[in-house]
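J.:
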Amino acid sequence: MEEDSADRSDSADRSDSADRSDSELVGAHAAGDPAAFGELVRRHQDRLWAVALRTTGNRDEAADALQDALVKAFRAGASSAFRGEAAVTTWLHRIVVNACLDRARRRAVRPTVPLPDHDLPARSGDAISARETALDVRAALATLPVEQRAALVLVDMYGWSVEEAALMLECPSGTVKSRCARGRARLLPLLRAERRPESGTEPTDGSGNPGPPTDVPPQTSPAAAPGGRAPDRATPGGEQP
Amino acid sequence: MTDRPLVGDPAGHLDAETLSNLQEGLVLPEAAEAARDHLHGCESCAADAHTLADISQWLSSAADTGQVPVDVAQRIAAALAAEPAVSPAGAATVTPLETASTRRGGGVPQVRGMRFLQAAAVIVIALAGIGIAVSAQRGANDAATSSAGSAPNRESAGQTADSATYPVTASNRDWTQDTVVAAVPELLAGTLAPTGAASRAAASPEAGGDQDSGATPRLLADNDAARLARGPVLAECVGTLYRGPVTPLAVDIARWKGAPAGVIVLPTEGDVMTVDVYVVKPSCPPGDFLFFARQARP
Chain A
3 MEEDSADRSD SADRSDSADR SDSELVGAHA AGDPAAFGEL VRRHQDRLWA
53 VALRTTGNRD EAADALQDAL VKAFRAGASS AFRGEAAVTT WLHRIVVNAC
103 LDRARRRAVR PTVPLPDHDL PARSGDAISA RETALDVRAA LATLPVEQRA
153 ALVLVDMYGW SVEEAALMLE CPSGTVKSRC ARGRARLLPL LRAERRPESG
203 TEPTDGSGNP GPPTDVPPQT SPAAAPGGRA PDRATPGGEQ P
Chain B
6 MTDRPLVGDP AGHLDAETLS NLQEGLVLPE AAEAARDHLH GCESCAADAH
56 TLADISQWLS SAADTGQVPV DVAQRIAAAL AAEPAVSPAG AATVTPLETA
106 STRRGGGVPQ VRGMRFLQAA AVIVIALAGI GIAVSAQRGA NDAATSSAGS
156 APNRESAGQT ADSATYPVTA SNRDWTQDTV VAAVPELLAG TLAPTGAASR
206 AAASPEAGGD QDSGATPRLL ADNDAARLAR GPVLAECVGT LYRGPVTPLA
256 VDIARWKGAP AGVIVLPTEG DVMTVDVYVV KPSCPPGDFL FFARQARP
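Residue numbers (our numbering), protein chains in the order written: chain A, 3 to 243; chain B, 6 to 303.
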């Protein structure tokens, strides 16, 4: 791969990088390949941005955190100590999430202002209710303590497994479960209130109350949740390609 | 947090956290069985259980699926471009990534190990020269005998004069972003006075460790970050922060947000006018420092 690289153009170089796995890119970066880390960033920055945005709940903080984290990753990626670590995506998420948590804790004394959602497409028709729901969800999420928010962002919002989230948050899996459980408990009144005015959003027994469940729906298995999370959301990251 | 009575209250309903814990499998078996029994007969709690189970879907429906905003991507690209390119020869070069992208090849990764060994050797030698942990007592002495910004009073710590040495203090201070940045001149001068436990430890005659300095390494025993004062550990840590061999400018065994942490000041690659301040966990996990700031060199 490297023998004929001197004859290629920059665009061909990027294409070459795109063919390599994340681990190969980190190794190439450490070896001095100037295009490798850029490709790694291009590959992951959208997801890392999304996680940063929802974890901090603040666009500027998210941008600062993501920048700090990627600079840190750039430097750390040049270290031989990184090779052989967990999946590169997990490593990148860990750095970004930690940067977000640090920033969020520092500004904990200040109230969180729900984000203006520049990123939500302004569409008409049926999309309006979906957009409003997303705004409600994000505003609700921003009210949670940052540790609970980070766990829910990773597990529920972006579908990482509890084990993967534990690696990213540097805590035991049980702690992630507990944070998720407490976070969901805090969100319950908000979702309940959102549904209350709209009859028909839940199965009812005619009295306005839903019928009793056959059992408690478990949250630990995404595919089994009544919410119907797509099975493939359990592994949104992983090594690429 | 809960808006419902707990189990055992007259109404006997399950509160939100109990329901949520139940769904996560965090409730003990006997209590879980009782809760499920209650759910089968309580429409209100069952409704909440359904709503709770939908929260994951509710959250995932609001997941961002767009691209990183252009302005954010641009500033990240600019920040990365300002980083010195990784040199396969081990010598840091200040080459913006865009410029470097025209270069080819890049060698093979074998140099990393060699660079690490070089870094380790430099630091071990340096530490041997200064007797490793200079200690809180030394910091106190220096604070009394050195003016701010001056070179550390190495004699007071029993150090040998060596241009490759650097101050290692054990201030045990609970640094914050602002205070650690403001303390860069003192860190570099080695004039940090110890605080709190450090002062008490410094006064402890039975403290073992660095006998030459007369110091005090009980503090170091109480602070997990003290391992960073050991040459090989510090060398490994520095190796994750800096490409190529480098001698730290200063090390402080301290705290960050109440937890043990080390402050390591390194020269900025390719910029003699600034220094890089890292706060690291005691384990110094690669790529995961607690704080970083680039400051003008005093």
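Positions of the beta carbon are idealized from the N, C-alpha and C atoms, including for glycine.
Along the alpha helix (DSSP H) that carries THR279 (chain B), what are the first and last residues, could you check?
T.: Position 274 of the second sequence holds residue 279 (chain B). No alpha helix (DSSP H) contains THR279 (chain B), which is instead part of the beta strand (DSSP E) from 276–285.
J.: Using a Cβ-Cβ distance cut-off of 8 Å, determine whether GLU305 (chain B) contacts chain A.
T.: Chain B is shown only over 6 to 303; residue 305 (chain B) falls outside these bounds and no answer can be derived.
J.: Have a look at the DSSP bridge pairing and note the partners of THR273 (chain B).
T.: As a first step, residue 273 (chain B) is located in the second sequence; it is residue number 268 there, counting from the start. According to DSSP, which records beta bridges pairwise, THR273 (chain B) is partnered with B:ASP276.
J.: Given that PRO174 (chain A) touches chain B, what residues does it touch there, using C-beta distances under 9 Å?
T.: Indexing the first sequence from 1 puts residue 174 (chain A) at position 172. Near PRO174 (chain A) there are no residues of chain B at all, since even the closest Cβ is about 13 Å away, more than 9 Å.
J.: Suppose you measure from the CA of VAL185 (chain B) to the CA of ALA195 (chain A); what does that come to, to the nearest Å?
T.: Within the second sequence, numbered from 1, the residue matching residue 185 (chain B) stands at position 180. Within the first sequence, numbered from 1, the residue matching residue 195 (chain A) stands at position 193. Distance between the alpha carbons of VAL185 (chain B) and ALA195 (chain A) is about 46 Å.
J.: Using the three-state DSSP reduction, which class does PHE296 (chain B) fall into: helix, strand or coil?
T.: Mapped onto the second sequence, residue 296 (chain B) falls at position 291. It is a strand residue.
J.: Nearest chain B C-beta to ASN100 (chain A) closer than 8 Å, yes or no?
T.: Taking the first sequence and counting its residues from 1, the one referred to as residue 100 (chain A) is at position 98. Yes, contact with chain B.
J.: Return the first residue and the last residue of the alpha helix (DSSP H) that ARG49 (chain A) is part of.
T.: The count along the first sequence starts at 1 and reaches residue 49 (chain A) at position 47. Counting along the chain, the alpha helix (DSSP H) containing ARG49 (chain A) begins and ends at 38–58.
J.: Mind checking which residues open and close the beta strand (DSSP E) that includes VAL256 (chain B)?
T.: Looking up residue 256 (chain B) in the second sequence gives position 251. Looking at the DSSP string, the run of the beta strand (DSSP E) that includes VAL256 (chain B) is 255–261.
J.: Less than 6 Å between C-beta atoms, sequence neighbours within five positions excluded: which residues of the same chain meet that for TYR283 (chain B)?
T.: Position 278 of the second sequence holds residue 283 (chain B). The residues are LEU246, ILE269, PHE294, PHE297.
J.: Going along the segment 22–47 of chain A in order, which residues come within less than 8 Å of chain B, judged by CB to CB distance?
T.: Flagged, chain order: GLY29, ALA30, HIS31, ALA32, ALA33, GLY34, ASP35, PRO36, ALA37, PHE39, GLY40, VAL43, GLN47.
J.: Let me know the secondary structure DSSP gives ASP158 (chain A) once reduced to three states.
T.: Numbered from its first residue, the first sequence carries residue 158 (chain A) at position 156. Of the three classes helix, strand and coil, the one that applies to ASP158 (chain A) here is helix, per DSSP.
J.: In chain B, what lies closer than 7 Å to GLN69 (chain A) by C-beta?
T.: Within the first sequence, residue 69 (chain A) is the residue found at index 67, counting from 1. Near GLN69 (chain A) (Cβ distances below 7 Å), the residues of chain B are ARG80, ILE81, ALA84.
J.: Taking 8 Å as the cut-off, decide whether the C-beta atoms of PHE76 (chain A) and LEU271 (chain B) are in contact.
T.: Here residue 76 (chain A) is taken as the residue at index 74 of the first sequence, counted from 1. Here residue 271 (chain B) is taken as the residue at index 266 of the second sequence, counted from 1. Contact: no.
J.: Once DSSP output is grouped into helix, strand and coil, what is the label at GLY249 (chain B)?
T.: Looking up residue 249 (chain B) in the second sequence gives position 244. Here GLY249 (chain B) sits in coil by DSSP.
J.: Would you give the residue range spanned by the alpha helix (DSSP H) that GLN72 (chain B) belongs to?
T.: Position 67 of the second sequence, counted from the first residue, corresponds to residue 72 (chain B). From DSSP, GLN72 (chain B) is part of no alpha helix (DSSP H); its letter is neither H nor E.
J.: Using 10 angstroms around the beta-carbon of ASP35 (chain A), count the other beta-carbons present and answer buried if the total reaches 16, otherwise exposed.
T.: Translated into the one-based positions of the first sequence, residue 35 (chain A) becomes position 33. It is buried - the Cβ of ASP35 (chain A) has at least 16 other Cβ atoms within 10 Å.
J.: For chain B, is any of its Cβ atoms less than 8 Å away from the one on MET170 (chain A)?
T.: For the purposes of this step, residue 170 (chain A) is taken as the residue at position 168 of the first sequence. Chain B, which has no Cβ nearer than 8 Å to the Cβ of MET170 (chain A), makes this no.
J.: Who are TRP180 (chain B)'s beta bridge partners in DSSP?
T.: For the purposes of this step, residue 180 (chain B) is taken as the residue at position 175 of the second sequence. DSSP output for TRP180 (chain B) lists B:TRP261 as bridge partner(s).
J.: Please determine, among B:TRP180, B:GLY249, B:VAL251, B:ASP257, the residue with the shortest C-alpha to C-alpha distance to LEU233 (chain B).
T.: Position 228 of the second sequence, counted from the start, is the residue given in the question as residue 233 (chain B). Checking every option, the nearest Cα to that of LEU233 (chain B) belongs to B:ASP257.
J.: Does GLY30 (chain B) come out as helix, strand or coil in the three-state DSSP assignment?
T.: Translated into positions along the second sequence, residue 30 (chain B) becomes position 25. In the structure shown, GLY30 (chain B) sits in coil (DSSP, three-state: anything other than H, G, I, E or B).
J.: Going by DSSP in three states, THR145 (chain A) sits in which element: helix, strand or coil?
T.: Within the first sequence, residue 145 (chain A) is the residue found at index 143, counting from 1. Coil.
J.: Quick test of the definition: if touching needs 3 or more C-beta pairs under 8 Å, does the segment 99–110 of chain A touch the segment 63–72 of chain A?
T.: Because the criterion of three Cβ pairs below 8 Å is met, the segment 99–110 of chain A and the segment 63–72 of chain A touch.
J.: Tell me which residues of the segment 231–247 of chain B have at least one Cβ-Cβ distance to chain A shorter than 9 Å, keeping chain order.
T.: So the list reads GLU241, GLY244, THR245, LEU246, TYR247, given in the order they occur along the chain.
J.: Within 10 angstroms of the Cβ of GLY176 (chain A), are there 16 or more other Cβ atoms? Answer buried if so, exposed if not.
T.: Taking the first sequence and counting its residues from 1, one reaches residue 176 (chain A) at position 174. By the neighbour-count rule (16 or more Cβ atoms within 10 Å), GLY176 (chain A) is not buried but exposed.
J.: Here's the rule I'm using: 16 or more other beta-carbon atoms within 10 Å means buried, otherwise exposed. How should HIS31 (chain A) be labelled?
T.: Position 29 of the first sequence, counted from the first residue, corresponds to residue 31 (chain A). Buried, because 16 or more other Cβ atoms sit within 10 Å of the Cβ of HIS31 (chain A).
J.: Less than 7 Å between the CB of GLU166 (chain A) and some heavy atom of the ligand NAD, yes or no?
T.: Questions concerning the ligand NAD fall outside what the structure shown contains, since it holds no ligand whatsoever.
J.: Just the Cα atoms here: how many angstroms apart are SER176 (chain B) and VAL28 (chain A)?
T.: Taking the second sequence and counting its residues from 1, one reaches residue 176 (chain B) at position 171. Taking the first sequence and counting its residues from 1, one reaches residue 28 (chain A) at position 26. So the alpha carbons of these two residues sit roughly 37 Å apart.
J.: Quick check on DSSP: helix, strand or coil for GLY195 (chain B)?
T.: Here residue 195 (chain B) corresponds to residue number 190 of the second sequence, with the count starting at 1. GLY195 (chain B) falls in the coil class under three-state DSSP.
J.: List the residues of chain B that SER2 (chain A) touches, going by C-beta distances under 9 Å, in chain order.
T.: There is no way to answer for residue 2 (chain A), as the model of chain A reaches only from 3 to 243.
J.: Does the beta carbon of VAL148 (chain A) come closer than 8 Å to any beta carbon on chain B?
T.: Position 146 of the first sequence holds residue 148 (chain A). Judged by the 8 Å Cβ criterion, VAL148 (chain A) is not in contact with chain B.
J.: Have a look at A:LEU42, A:ALA89, A:GLU63 and flag the residue whose alpha-carbon is nearest the alpha-carbon of ALA167 (chain A).
T.: For this step, residue 167 (chain A) is matched to residue 165 along the first sequence. That would be A:ALA89, whose Cα lies nearest to the Cα of ALA167 (chain A).
J.: Where does ALA301 (chain B) fall in DSSP's three states?
T.: Position 296 of the second sequence, counted from the first residue, corresponds to residue 301 (chain B). If DSSP states are grouped into helix, strand and coil, ALA301 (chain B) belongs with the strands.
J.: Whether or not the segment 37–51 of chain A and the segment 47–65 of chain B are in contact is what I'm after, with contact meaning three or more pairs of Cβ atoms, one per stretch, closer than 8 Å; do they touch?
T.: Contact between the segment 47–65 of chain B and the segment 37–51 of chain A is absent, because fewer than three Cβ pairs lie under 8 Å.
J.: Can a CB atom of chain A be found closer than 8 Å to the CB of VAL73 (chain B)?
T.: In the second sequence, counting from the first residue as 1, residue 73 (chain B) sits at position 68. Chain A, which has a Cβ nearer than 8 Å to the Cβ of VAL73 (chain B), makes this yes.
J.: Would you verify that the beta carbon of PRO272 (chain B) is, or is not, closer than 8 Å to some beta carbon of chain A?
T.: If you number the second sequence from 1, residue 272 (chain B) lands on position 267. It does not; no Cβ of chain A falls within 8 Å.
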